[in-house]
Structures are given as C-alpha cells and as structure tokens.
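Engineer: In this text, residue positions in the sequence shown follow our numbering: the first is 868, and each later residue adds one. Cβ coordinates follow ideal geometry from the N, Cα and C atoms, glycine included. The structure that follows is given in the form of structure tokens.
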Amino acid sequence: MYLAAVSRVCTSHYFTLLYLVSETPYTFSLIAYTCLASYVILLFFLFTFGYSGHGLELEKALTLSELLEAVDLHCHSNNRAHHTDEVDTERLVLRRGQPFTLTVQCRTRPLQHLTEQLALVLHTGKDNGTGIKVSGSEARSDKWRLSVQPAQSELLVTVCSPASAPIGLYRMDVVLYSQEGQLLQQIPAGQFCLLFNPWCKDDPVFLPDEEMLQEYILNETGLLYQGSWEDIHAVPWNFGQFEKDIVDVCFEILDNSLSALKNPVADFLQRRDPVYVSRVVTAMINANDDKGVLLGRWSGDYSDGTSPTRWTGSVPVLRQWSRSGGERVRYGQCWVFTGVACTVLRCLGIPTRCITNYSSAHDTDGNLQVDRYYSETLESLPGKRDDMIWNYHCWVESWMARKDLPAGFDGWQVLDPTPQERSDGIYCCGPCPVKAIKEGNIDLKYDAPFIFAEVNADLVCWIVDKEGSCSQAALQCHHVGRCISTKSVHGDKREDVTQHYKYPEGSAMEREVYAKAGLKNSVLNSTEKSLQIGIKHVQAVNGSDFDIYVEVSNKSFEDKDIGLTIVAKTVTYNGIQLQECHRKTSTFSVKASNAKKEVLRLKYEHYGKHLSEHHLIRITALLEQKGRGEVILHECNISLSTPQLAIKIIGEPVVSRKLTAQITFVNPLPITLSEGVFTIEGAGLTNMQEIQSPKEIKPGQEVTVSVSFKPTKPGLRKLLVDFDTNKLRDVKGCASVIVRDKNM
C-alpha cells in the first residue's frame, strides 16, 4: 500500500513537472528538469525493485490516471451498416438488435486487463433520469452488451442493443472502473437515436423481404390513390422520412403524447413495443385530443390555414408543427393524415404502406349498415345516425408481430390516424390485423368491428313519402370495400389488395365470415328485381361538358311503364352532398326483356361553381313503376379529371449543383382563374417552395414559372408540384430526377 501511495504522488507530480517544463521560463525549467529527473529515477526503482503486486498496482495507477481521452462514434460507417445513412452521417442513428462500433482514444497504450474495466452508461428520457450500465460481463441477447479490444493507443468497443430495447434518444458516457469497482474516470461519448430494426429477425417488425424493405422503409416518395373505384387517380406524395431533423420531430411527437406527458418513464419503457408505438402515432397525428400534429376540416373553408389539397408531402407539416412548439397544423384530410403517419412510422423503423379503400363505410353504430334517406323528389334527408360512405378513405398498414394476440395474426396491421371514432376514449384506430378483418375475428384488438364495417357494410337507400313512411329503394350489398389499393413494390403501379381484406363477394367463405362475426349476410335475403338500373359515363374532364347514360332494363316478360328521375349533385369525397346542379325527369315504356337508355347532358355551367376541391359529382337515378308503387334507386360517383402539370428539368442533376425546373399549366376551364400558387418540394431535392402565378389566367392560357434548387442527396429523386387557384385546386405534377454524387 505504501508503494501504491508513493506511485500516486509520483504520478501527480510527474504530470505537473511536465507542464512546468513546457510553460515556465528558463530558470524555473532547470529546476523542473532536475525534479523531473529525480522522479523518473524514483519511478524506475519502484518498477524495477518493487515486488510484483506493488509494481502492478503502481503501473495501473499510472495508466488509469486520465487514460480515456475521446470517443469516435464512427457515424458514417455505423449508419451505413444500420441503413440510416440517409438520415444523417454526422450523428449516430442506430437500429436495435444490431452491433455498432466506437473507438475510445487513450493517452497511452491501453493495457489488456482494462478491457474488463471499461463500461458504458446510457441515459434516456428528457432529464437523463433512466440509466443503463453496459458491460462486457453481460452475455444475454436480451440485454445491452459490449466487447472491448485494445489496439495501439485505442480501445475498439463493439456494442449491441437487445432487439427489445425501447426506441428513443440515448446519451452515452464511457466509464472506467478499478478492479474493486470504483469509478476512476467518466467521459461523455455523445448521443444516438435508436430505431426499430426490420432487418433483425428478433425484432417484432422483422420483414424478410429486401424489396419490401426498400419500399416500405427506405423509399421517401410514393403514391396515394384518390378518385373513385371506377376512375382511380394516383397522387404523388413526398414522405421525406430521412429529411433533416425529421427523426427528431418523430420522437418529439412521441414525447408529447398523453401517455408520455402523464408518466414519461412508463411511456419510454413501452416504446420497446411497436404495437404501443404505432397506436400512439395514430392518436398523435390528429390533434383532436392532445398536442397532435394535424387538425382535420372537411367544410371547404380553409382561409385560416392550408387547404388539404395544397400539401404534397409530410415534411412541411411536421416541421411546421415542431417549429410552432406543437401548435396543431391546419388542415388535413384522410390522405394527409395517412401520408404523415406513414412518414413517422417509416422513420421510426416500422415497415408501412398507404392504403385506399374505395366506397368506405363509416358505420357509427356497428350494425354493418349505412342508410341514406331521400324524399320522393330525390331531396336528401337527414338520417337518424351519422353513418356515411366515403368515396374513398385512406389509412396505413404497418408490418409487425402481434405477441399480444393468439397465433396467426402477425403481418400487416391496419392503423388509421384520421379522427373518426374514439377508441379507448381518444381518437385513434388500430393496430388491427388485416387477417382478423378477412376472417371475421372482430373480437380482437384494436377496433376490428369498425374496420370490418369499412370494407363490408351494406348501403340501404330509403324513399320517405309525405306521411313519413319509408320504403326501401336500394340494397347494395357489394357497394362497400372496393378496389382496396396500395403502391406496388415494383414501381409506380397500383396493387389491388382487396383479397387480403375479404373473400370474393357472394362466396361460401364470405357467408362463413359473416356468421363468425355474428352478422347476417344481406345477400341471402335480397332478391333480384325485374327492373334494374345501370349508370355509365364517358371520361369526365373538369371544365368540359359530358353525357351520363342511365339504362333501365326490364327482365320480366311484360311491358312496364316507367317514371325516371335523374339528379346530379356535387359532393365531397367523404360523402357530404353539397348542391344539386342538374336534373331530368321522364316517363316511358320498356318492353319485356328489353332495355332503354336516357341521357343526361351535364355542362360546366351546371356544375362548375358548385364543385368541391375533390371534383366529385354524384348521379342518383330513381325509377318508379307506374301503378305498382315499386321504387328502385341507383347511384354513381363521377370523379372529374384535371390535366397534370408539365415539368421540365434544366441542368445536370448533381449534388449541390443548381438545377432549374420549368413548370407549365394550361387553364382547362372556360373561366378566368386568379390567386394561383405553385407549391414545390422533393426529398433530397428541395424544401417546400411557393411561387405565385400571374394574377389572371384566362381560359386556355398557358403559364410557365421557373424554380431553382440544389439537390442535397444522390439517387433517384422526385420533384412534386401542386397548383391551386380560386376556382381550381389540386392540380398535380411530378418529375423524376436521377442525381449524381458530386464526387463521381
């Protein structure tokens, strides 16, 4: 012990004298050199003649005194190995369950025995209150562990997180202990973000398909589907999950959830579970209950915010929310909620894709039936409930194991961030296994009955006479849940996934599923009528006149006298009827086993001033057989198409080199447009920019604007453009750009 004490004194004085030699004047330096030489001789004798135990203790004391100097996190190589180099290369972003390396630089050559005395301490949470010690003594795969290898004047440290570690922001210290467990030195090593890891087979989000991982984790752009099931429109969307600071915004969203604000420690521990995290995300993307991101509005008045059709991507929404201190962003509708949720979930490491369900039922009471009421003159009447059918509705599917459910329900899970109905007291929906919906297991969590109705409900139309009596005019059992769509992993093509949600309409398996769900199948109770109506139309372009053809078929063996009323109304995509714009009434006779067509000519002057931003018209045809009192009703939604913007890229696409995009719009409407704004953005190309168009754009006039930007990332990128005016909204354009690295 005496030699150990002497060694500590000598070591302290040794470094002091080194400082004096280098920093003091000549006279004092001579004194310092003399003292330094004496200490060197003393140390030599202690090492040479001290017995081995005391010599080793002295050696350790000298070596361990301020041994650790700095830490290199190897951000670039680690991030590349963890598929996060698109997020950043100057900060550490990791995926759990996968090793990463760091280098601890030492003042002197480290000793072999120090490999067992080095450890890490991880701090989590806003106040760094939760500490996790990581040492080489831990060998279990469900615990943090490390290994240390000395090399020259460095220690090479390999660290591996468990595949069940909570995702989040971690602060890391490197610590050195004595053999007795006493803390000798502690230095900060920096921070890292930990994400879910779909490449790790032990992670519940593991997805064993590289093509799907490229699409559902790494692809920053995609397609959302709108329009109607008969006329599907693809709309480009910029997810931008790897854009600057987006990962921080995603964790900020989790930190502002109701559960995190109530009990941050418990919330952090639950972030190991993708079921929990994804459910929190669906609640936080809408701002109905909490400090969520988006406020929804479907009224058509967006004067105190941004029209939902203006958004072309998630990044401006997320940045606006974050920079405002969590102030909700105005406004979103289902595809915006879906696009933003997809960005957050992909960024956090959960494979996610966007889904569009055409003719999507909103069944508020769970009876699997949506009722519409009309007067005898086809005026819409209020129903007893708020049930309705959306022309289309968007949600996301996320891939994960469901250890909280019986076996067989892993895989794609429905998550819906659009605020429709409360679940456990808040506006969120899911995750619910897609397999549970198909098989009718509506008792499984979460929210299976509501989602089952979205794709399986019946539409029943009623005619209410002057006395208030109702007669059923239509029962459409196969109207809901059509052409369920997502973007294919094989390029910009649509993939129909309806078969994942339901068995073929009218099949034996469909009847079995209805029985399992405890619901009657209306198809079994419906009978084919002798009179039938069909509605067809040519391609309808916004600004043009077009024809609607209503065909009445008589399947019986007797002639029938018919009264037919055809009404055209503008509607929103979520089923709200706005304004009647045209109608036609006629009477005629249809011979037995024959058919007759009636044509409704719809002109722009009829519908133009009544259209919503969704460009939808609903055609309703009511047939009444004279003398029988039998009524039959049929409806069809028409999505008016608008011409796309033309985009021309000028310049050589190279990182950090200026490019110019020329964007051209031609006014398709027979009226003058004003207040035009082009909105441009693209992941890896440019942040959102807005450009004003000329004050007035006359019918048929061509307008071209230019915008410049410098690409920030190489690879295949997409520039997305939206154009909105006072009378025409939601005009889109997209251009692909292959950007080269500037070092190539």
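Could you name the residues of the same chain whose beta carbon sits closer than 8 angstroms to that of Val1604, not counting the 5 residues immediately before and after it, in chain order?
Structural biologist: Walking along the sequence shown from the start, residue 1604 turns up at place 737. Same-chain partners within the cutoff: Ile1516, Pro1520, Leu1526, Gly1549, Leu1552, Pro1578, Leu1583, Arg1584, Lys1585, Leu1586.
Engineer: How far does the beta strand (DSSP E) with Lys1463 in it extend, from its first residue to its last?
Structural biologist: On the sequence shown, position 596 is the one that residue 1463 refers to. Run containing Lys1463: 1461–1469, per the beta strand (DSSP E) assignment.
Engineer: Spatial neighbours of Arg1361 within its chain, please: C-beta separation below 8 angstroms, excluding the five flanking residues on both sides.
Structural biologist: For the purposes of this step, residue 1361 is taken as residue 494 along the sequence shown, with counting starting at 1. The residues are Leu1090, Tyr1092, Ile1099, Ala1101, Ser1352, Thr1353, Lys1354, Ser1355.
Engineer: What ranges does the alpha helix (DSSP H) occupy inside the region 1330–1397, keeping only unbroken runs of at least 4 residues that lie completely in it?
Structural biologist: 1365–1368, 1375–1383, 1389–1392
Engineer: Quick check for students: name the residue ranges of the alpha helix (DSSP H) that lie wholly in the region 1128–1191, counting only runs of 4 or more.
Structural biologist: Fully enclosed alpha helix (DSSP H) runs of 4 or longer: 1131–1137, 1141–1152, 1182–1190.
Engineer: Measuring CB to CB, does Ser1420 end up less than 7 angstroms from Ala1459?
Structural biologist: Position 553 of the sequence shown, counted from the first residue, corresponds to residue 1420. Position 592 of the sequence shown, counted from the first residue, corresponds to residue 1459. Against a cut-off of 7 angstroms, the Cβ pair of Ala1459 and Ser1420 comes out as no contact.
Engineer: Tell me the DSSP secondary structure of Lys1476 in three-state form.
Structural biologist: Numbered from its first residue, the sequence shown carries residue 1476 at position 609. Helix at Lys1476.
Engineer: Would you tell me roughly how many angstroms separate the C-alpha atoms of Val1322 and Leu1235, rounded to the nearest one?
Structural biologist: The residue you call residue 1322 lines up with position 455 of the sequence shown. The residue you call residue 1235 lines up with position 368 of the sequence shown. Looking at the backbone, the Cα of Val1322 and that of Leu1235 are separated by about 10 angstroms.
Engineer: Which of the three DSSP states is assigned to Gly917 in this structure?
Structural biologist: Counting from one through the sequence shown, the residue named residue 917 turns up at place 50. Bear in mind that the predicted position of Gly917 carries a pLDDT of just 44, short of 50, making it unreliable; the figure below should be weighed with that in mind. Three-state DSSP puts Gly917 in coil, outside helix and strand.
Engineer: For Gly1206, count neighbouring C-beta atoms within 10 Å of its own C-beta (all shown protein chains included) and say buried if the count is 16 or more, exposed if not.
Structural biologist: Position 339 of the sequence shown, counted from the first residue, corresponds to residue 1206. Buried, since its Cβ has 16 or more Cβ neighbours within 10 Å.
Engineer: Do the region 1286–1304 and the region 1167–1175 make contact, defined as three or more Cβ pairs closer than 8 angstroms?
Structural biologist: no
Engineer: Please report the residue range of the alpha helix (DSSP H) in which Trp1262 lies.
Structural biologist: Your numbering for residue 1262 matches position 395 in the sequence shown. Here Trp1262 belongs to no alpha helix (DSSP H); instead the beta strand (DSSP E) covers 1255–1267.
Engineer: Taking the beta carbon of Lys1565 as the centre, do at least 16 other beta carbons fall within 10 Å, making it buried, or is it exposed?
Structural biologist: On the sequence shown, residue 1565 is found 698 positions in, with the first residue counted as 1. Lys1565 should be labelled exposed.
Engineer: With a CB to CB cut of under 6 angstroms and the five nearest residues on each side skipped, what residues in its chain are close to Met1151?
Structural biologist: Residue numbering aside, residue 1151 sits at position 284 when the sequence shown is read from its first letter. Excluding sequence neighbours, Met1151 sits near Ile1120, Ser1124, Gly1159.
Engineer: Helix, strand or coil: which one does DSSP assign to Phe1424?
Structural biologist: One-based indexing of the sequence shown puts residue 1424 at position 557. In the structure shown, the three-state DSSP call for Phe1424 is coil.
Engineer: Let me check one thing: in DSSP terms, what residues is Glu1557 bridge-paired to?
Structural biologist: Locating residue 1557 in the sequence shown gives position 690, counting from the first residue. Looking at the DSSP assignment, Glu1557 forms a beta bridge with Thr1546.
Engineer: Using the Cβ count rule (16 or more neighbours within 10 Å means buried), how would you classify Asn1610?
Structural biologist: Within the sequence shown, residue 1610 is the residue found at index 743, counting from 1. The residue in question, Asn1610, is exposed, as its Cβ has fewer than 16 Cβ neighbours within 10 Å.
Engineer: I need the DSSP call for Asn1610, collapsed to helix, strand or coil.
Structural biologist: As a working note, residue 1610 is residue 743 in the sequence shown. Residue state, collapsed to three classes: coil.
Engineer: Output the distance between the C-alpha atoms of Asn1392 and Gln1343, rounded to the nearest integer angstrom.
Structural biologist: The count along the sequence shown starts at 1 and reaches residue 1392 at position 525. The count along the sequence shown starts at 1 and reaches residue 1343 at position 476. Reliability fails at Asn1392, whose pLDDT of 49 lies under 50, so the model's placement of it is uncertain and no value is given.
Engineer: When you compare each of Val1438, Leu935, Phe1073, Thr1223 to Gly861 by their alpha carbons, which one comes out closest?
Structural biologist: Nothing can be reported for residue 861: it is not among the residues displayed for the chain, which extend from 868 to 1611.
Engineer: Apart from the five residues just before and just after Glu926, which ones in its own chain have a Cβ nearer than 6 angstroms to its Cβ?
Structural biologist: Taking the first residue of the sequence shown as 1, we reach residue 926 at position 59. Residue placement at Glu926 is poorly supported in this model, since its pLDDT is 49, which falls under 50; the coordinates are not used for a value here.
Engineer: Relative to the C-alpha of Asn1153, which residue among Thr1432, Lys1333, Ala1228, Pro1284 is closest?
Structural biologist: Taking the first residue of the sequence shown as 1, we reach residue 1153 at position 286. Nearest C-alpha to Asn1153: Pro1284.
Engineer: So the alpha helix (DSSP H) Arg1220 belongs to, where does it begin and stop?
Structural biologist: Along the sequence shown, one-based indexing puts residue 1220 at 353. It is not in any alpha helix (DSSP H) - Arg1220 instead sits in the beta strand (DSSP E) that spans 1219–1229.
Engineer: Would you mind reading off the limits of the beta strand (DSSP E) that contains Leu1051?
Structural biologist: Along the sequence shown, read from residue 1 onward, the residue named residue 1051 stands at position 184. Segment 1050–1062, the beta strand (DSSP E) holding Leu1051.
Engineer: Distance check for Ala1340 and Asp1238, CA to CA, integer angstroms please.
Structural biologist: As a first step, residue 1238 is located in the sequence shown; it is residue number 371 there, counting from the start. As a first step, residue 1340 is located in the sequence shown; it is residue number 473 there, counting from the start. Spanning the two alpha carbons is a distance of roughly 11 angstroms.
Engineer: Could you tell me which residues DSSP puts in a beta bridge with Phe1317?
Structural biologist: Indexing the sequence shown from 1 puts residue 1317 at position 450. Bridge partners of Phe1317: none, in fact.
Engineer: Which of the three DSSP states is assigned to Ser1028 in this structure?
Structural biologist: Here residue 1028 is taken as the residue at index 161 of the sequence shown, counted from 1. Ser1028 falls in the coil class under three-state DSSP.
Engineer: Expressed to the nearest angstrom, what Euclidean distance is found between the alpha-carbon atoms of Lys1464 and Val1417?
Structural biologist: By 1-based counting over the sequence shown, the position of residue 1464 is 597. By 1-based counting over the sequence shown, the position of residue 1417 is 550. Distance between the alpha carbons of Lys1464 and Val1417: 6 angstroms.
Engineer: Does DSSP put Ile1443 in a helix, in a strand, or in coil?
Structural biologist: Position 576 of the sequence shown, counting from 1, holds the residue named residue 1443. Correct three-state label for Ile1443: coil.
Engineer: In chain order, what residues of the same chain have a beta carbon less than 6 angstroms from the beta carbon of Lys1383, not counting five sequence neighbours either side?
Structural biologist: Position 516 of the sequence shown holds residue 1383. Cβ within range, chain order: Gly1307.
Engineer: Three-state secondary structure (DSSP) at Phe1204?
Structural biologist: Taking the first residue of the sequence shown as position 1, residue 1204 is located at position 337. The answer is helix: DSSP assigns Phe1204 an H, G or I state.
Engineer: Assuming Leu934 and Arg974 are in contact, meaning their beta carbons sit under 8 angstroms apart, how far apart are those beta carbons, in whole angstroms?
Structural biologist: Position 67 of the sequence shown, counting from 1, holds the residue named residue 934. Position 107 of the sequence shown, counting from 1, holds the residue named residue 974. Correct: roughly 6 angstroms between the Cβ atoms.
Engineer: Can you name the start and end residues of the beta strand (DSSP E) that Ile1034 belongs to?
Structural biologist: Here residue 1034 corresponds to residue number 167 of the sequence shown, with the count starting at 1. From DSSP, Ile1034 is part of no beta strand (DSSP E); its letter is neither H nor E.
Engineer: Quick one: Cα of Leu1398 to Cα of Ile1429, how far?
Structural biologist: As a first step, residue 1398 must be located in the sequence shown, where it is residue number 531. As a first step, residue 1429 must be located in the sequence shown, where it is residue number 562. Those two C-alpha atoms are separated by around 10 angstroms.
Engineer: Following a CB-centred definition, is Lys1458 positioned closer than 6 angstroms to any heavy atom of the ligand MN?
Structural biologist: Ligands are entirely absent from the displayed structure, and the ligand MN is therefore not among its contents.
Engineer: DSSP state of Ser944, grouped into three classes?
Structural biologist: Locating residue 944 in the sequence shown gives position 77, counting from the first residue. Three-state result, Ser944: helix.
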